[in-house]
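Engineer: What follows is a structure written as structure tokens; I'll ask about it next.
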Amino acid sequence: MANAGKNYEIPPRDGFTVAHFLTVTDVDRSARFYEKVFGGRIVTRGNSIGAPAFVQIANTWLILYFGGGPTPDKPTVTLSVPADPNMVSSFMNIRVADIQACYDLWRSRGAEFLTEPKDKPGETCCYLRDPDGYLIEVGQNKPGVTYG
Amino acid sequence: MSEVHVEQKTYEMPPKEGITIAHFLTVADVDRSLQFYSKVFGGRILSKGDTIGAPGYLQIANTWLIVNPGGGPTPDKPTVVLSVPPDPNKVSSFMNIRVADIQACYTLWKERGAEFITEPKPKYGETRCYIRDPDGYIIEVGQSNPDITYG
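Protein chains in written order, with my numbering: chain A, 860 to 1007; chain B, 128 to 278.
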């Protein structure tokens, strides 16, 4: 593949690197949650005049910041924490090698799971909520399921 | 199996150890979304999905996108309904693409069919602009100013 061997970093020196932005109520609370539960690395805590927090987790980065009204580069868009945590369109999906171990460890660190891991076609799956109510999927592929 | 290297470590999908993070999008048309992310960003389609539960899977830079139709509650999330964005102007989370050369990305991705809300604009510490994907999701494209080294 074209990018085999490429080392991704933020900010990127060439090409691009994909991160995940979350509108949050309390930047510090969210940064500490992702650090504590998943072993994320807080790269910067941000500030109140425009710099968001960055937390590196595994192969990606979370960018955490407050909500707000339209800006010149998105004149019709308003950012807010999830209005209804049960109506969801997109979410972070954590693929794991050992779901039972992750469930036990992350729960012991304070993660609130909706249910224990459940058997589904092709995978075993459970979900947790972050402090703002964002849904996070945790899933382990069954042996032989190699897509992705 | 596919893998990426991030900050000198290797992450595989599916992981043989530890964790690897993907981004799930509820979409109206799995194939349309796969084509969009593959064409605009050079993503690599790993699975086109099927109608009995396997989602579309696409590798894009250091992460993976999982695209699947919406649906009602399942036993592992008994209160949650998945749908495409009901109001594309009310947003909570989104994919954020950090780039080395925003003008080059803007020009290339526009030429490949991406619809940008505006051209790149200077903001605090960065220059950025936004794309809408076929379901109306916003995608931020941002280049940090040279003196900004965080994240």
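We treat Cβ as the ideally placed atom computed from N, Cα and C, and that holds for glycine. The structure presented is a predicted model; accordingly, all values stated were derived computationally and were not measured.
Do the segment 189 to 203 of chain B and the segment 137 to 156 of chain B touch if we need at least three Cβ pairs shorter than 8 Å?
Structural biologist: Three or more pairs of CB atoms, one per stretch, sit closer than 8 Å, so the segment 189 to 203 of chain B contacts the segment 137 to 156 of chain B.
Engineer: Mapping DSSP to helix, strand and coil, what is B/Glu139?
Structural biologist: Three-state result, B/Glu139: strand.
Engineer: Measuring only the C-alpha atoms, how far is B/Val207 from B/Ile244?
Structural biologist: Those two C-alpha atoms are separated by around 30 Å.
Engineer: If you check the beta carbons only, do B/Pro247 and B/Thr254 fall under 8 Å apart?
Structural biologist: yes
Engineer: Does the separation of the CB atoms of B/Val194 and B/Gly180 fall below 8 Å?
Structural biologist: The answer is no: Cβ separation not under 8 Å.
Engineer: Since B/Val154 and B/Trp236 should fall inside the 8 Å C-beta cutoff, what is the C-beta to C-beta distance between them, to a whole number of angstroms?
Structural biologist: By a beta-carbon distance limit of 8 Å, B/Val154 does not contact B/Trp236. Their separation comes to about 19 Å.
Engineer: In the DSSP output, what is B/Arg259 paired with across the bridge?
Structural biologist: B/Glu242 and B/Ile265
Engineer: Hey, does B/Ile258 have any beta-carbon neighbour from chain A nearer than 8 Å?
Structural biologist: no
Engineer: Counting only runs of 4+ residues fully inside the segment 871 to 913 of chain A, write out the alpha helix (DSSP H) ranges in chain order.
Structural biologist: With a minimum length of 4 residues, the continuous alpha helix (DSSP H) runs that stay inside the segment 871 to 913 of chain A are 886 to 897.
Engineer: Quick test of the definition: if touching needs 3 or more C-beta pairs under 8 Å, does the segment 982 to 992 of chain A touch the segment 875 to 895 of chain A?
Structural biologist: yes
Engineer: For A/Gln915, would you say it is in contact with chain B, using Cβ-to-Cβ distances shorter than 8 Å as the test?
Structural biologist: yes
Engineer: My output table needs one value for B/Val157: the three-state DSSP class, helix, strand or coil.
Structural biologist: helix
Engineer: Since I believe A/Leu938 is in contact with A/Val883 (beta carbons under 8 Å), could you give me their beta-carbon distance rounded to a whole number of angstroms?
Structural biologist: At roughly 10 Å, the Cβ-Cβ gap does not stay under 8 Å, so A/Val883 and A/Leu938 are not in contact.
Engineer: So, does the CB of A/Asp873 fall closer than 8 Å to a CB anywhere in chain B?
Structural biologist: yes
Engineer: Reducing DSSP to helix, strand and coil, say where B/Ala149 ends up.
Structural biologist: Correct three-state label for B/Ala149: strand.
Engineer: By the criterion of Cβ-Cβ separation under 9 Å, what are the contact partners of A/Thr884 in chain B?
Structural biologist: Within 9 Å Cβ-Cβ: nothing; A/Thr884 doesn't reach chain B, min ~11 Å.
Engineer: DSSP three-state call for B/Ala251: helix, strand or coil?
Structural biologist: It is worth fixing the name first, because residue 251 of chain B is Tyr in this sequence and not Ala. Three-state result, B/Tyr251: coil.
Engineer: What are the start and end residues of the beta strand (DSSP E) that includes A/Leu1019?
Structural biologist: Residue 1019 of chain A is absent from the model: chain A starts at 860 and stops at 1007.
Engineer: Counting contacts by CB-CB distance shorter than 8 Å, is B/Gln162 in contact with chain A?
Structural biologist: no
Engineer: State yes or no: is the beta carbon of A/Gly899 nearer than 8 Å to at least one beta carbon in chain B?
Structural biologist: no
Engineer: In this structure, how does DSSP classify B/Gly278 when only helix, strand and coil are distinguished?
Structural biologist: Low confidence applies to B/Gly278: its pLDDT is 46, below 50, so where it sits in the model is not reliable, and the reading given next is rough at best. It is coil, neither helix nor strand.
Engineer: Closest to A/Gln915 by CA distance: which of A/Thr903, A/Ala960 and A/Lys865 is it?
Structural biologist: A/Thr903
Engineer: Taking the alpha carbon of A/Lys977 as the point to measure from, which residue in A/Trp965, A/Ala970 and A/Glu996 has its own alpha carbon closest?
Structural biologist: A/Glu996
Engineer: With respect to the alpha helix (DSSP H) encompassing A/Arg966, which residues constitute its N-terminal and C-terminal limits?
Structural biologist: Ile958 to Ser967
Engineer: Would A/Ile958 pass as an interface residue toward chain B - the criterion being a Cβ-Cβ separation below 8 Å?
Structural biologist: Output row for A/Ile958: interface = no.
Engineer: Per DSSP, B/Gly199 forms a beta bridge with which residues?
Structural biologist: Bridge partners of B/Gly199: none, in fact.
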